[in-house]
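Some notes on the structure that comes next.
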Amino acid sequence: MLITSLGGPLIAIGESVVSSWLGLELPFGATPPSGAAPKAGGADQGGSADVGGGADMSDGVNEGDGVDESGDEWEAAYQRACAISGEAGILPIGTAQALVIRAGGLPTGYLPGHHLIFQREARNAVIDPRRDALAAAGLARWRPAGVIRVDEPLRLFDAVFSGDYAMTRAHLLIDDLTPGDWVIETARADPAPDVRFTLIRLTSPAAETRPVAEPRSGAELWPGDE
Numbered sequence: 005m006l007i008t009s010l011g012g013p014l015i016a017i018g019e020s021v022v023s024s025w026l027g028l029e030l031p032f033g034a035t036p037p038s039g040a041a042p043k044a045g046g047a048d049q050g051g052s053a054d055v056g057g058g059a060d061m062s063d064g065v066n067e068g069d070g071v072d073e074s075g076d077e078w079e080a081a082y083q084r085a086c087a088i089s090g091e092a093g094i095l096p097i098g099t100a101q102a103l104v105i106r107a108g109g110l111p112t113g114y115l116p117g118h119h120l121i122f123q124r125e126a127r128n129a130v131i132d133p134r135r136d137a138l139a140a141a142g143l144a145r146w147r148p149a150g151v152i153r154v155d156e157p158l159r160l161f162d163a164v165f166s167g168d169y170a171m172t173r174a175h176l177l178i179d180d181l182t183p184g185d186w187v188i189e190t191a192r193a194d195p196a197p198d199v200r201f202t203l204i205r206l207t208s209p210a211a212e213t214r215p216v217a218e219p220r221s222g223a224e225l226w227p228g229d230e
């Protein structure tokens, strides 16, 4: 199962701090009116379902050190997420960290066991997006994009919504990451004609170091990849 955003970023937050994310137009730390939903006007994206060993479908990092440390309380949480550069980035949520993904409304999924978040852009139907995402990962030239601390399962959802509200909409559960630091890597690749993937991979520094693959056929350089 895949999820999408309404056009903006997705965000992955630890379960214990999901309620701290207030989404669009509410300053971080503010209290929304009782029962209020974010001013997004989006369509219902479905209910909840459990998938495999890591995905419950309720249906950049800034250049430099990889962390946006502005955290001004007056600044809307959603605007802070939108300010992240690159395909993925890290955003402080109180004393915790969140992973922000520049989704742009693309269908997004997660492959448990591979620790791989994928987004597909295809002119034609993709019969098996997970298979094609793995094929794209094999072609990818990975780029490091910071290190995030993970202490608990993450919930991945549309950043436009508050965390509590998002739990009633489509979201993914990422629960196969052991506590510790995880290296974020990003890549883009074309595993088939008219099919493009943006990939975000989480790699434990304790695991065997994976080589950075040189692009092969199907892994053409996109603008900005030179």
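All residue numbers for the sequence shown refer to the numbering used here, where the first residue is 5 and numbers rise by one.
By construction, the Cβ of each residue, glycine as well, lies at the ideal position given by its N, Cα and C atoms.
Everything numeric in this text was worked out from a predicted model, so none of it was measured.
- Taking C-alpha positions only, Ala193 is separated from Val154 by approximately 27 Å.
- Beta-carbon to beta-carbon, Pro157 and Val187 are separated by about 19 Å, too far to satisfy the 8 Å threshold.
- Per DSSP, Ala163 is not a residue of any beta strand (DSSP E), being assigned neither H nor E.
- If you draw a 10 Å sphere on the C-beta of Asp198, you find fewer than 16 other C-beta atoms in it, and that means exposed.
- Counting only residues of its own chain and dropping the five nearest sequence neighbours on each side, Tyr114 has a CB closer than 8 Å to the CB of Gly58, Ala59, Leu120, Ile121, Phe122, Leu160, Leu176 and Ile178.
- Collapsing the DSSP output to three states places Arg84 in a helix.
- Cβ-Cβ distances below 7 Å link Ala85 to Pro13, Ile15, Leu95, Val104 and Ala163 in the same chain, with the five nearest sequence neighbours on each side left out; the list follows chain order.
- Here Ile97 has Ile17, Val21, Ser24 and Trp25 as same chain residues with Cβ atoms under 7 Å from its own Cβ, once five neighbours each way along the sequence are excluded.
- As summarised for the region 121 to 199, the continuous alpha helix (DSSP H) elements at least 4 residues long and confined to that stretch are 133 to 143 and 167 to 170, given in chain order.
- The beta-bridge partner set that DSSP reports for Pro209 is empty.
- The shortest CA-to-CA distance from Asp132 to any of Tyr169, Gly184, Pro209 and Phe201 is the one to Phe201.
- Residue nearest to Ser9 within the set Asp185, Leu138 and Ala170 is Ala170 (criterion: CA-CA distance).
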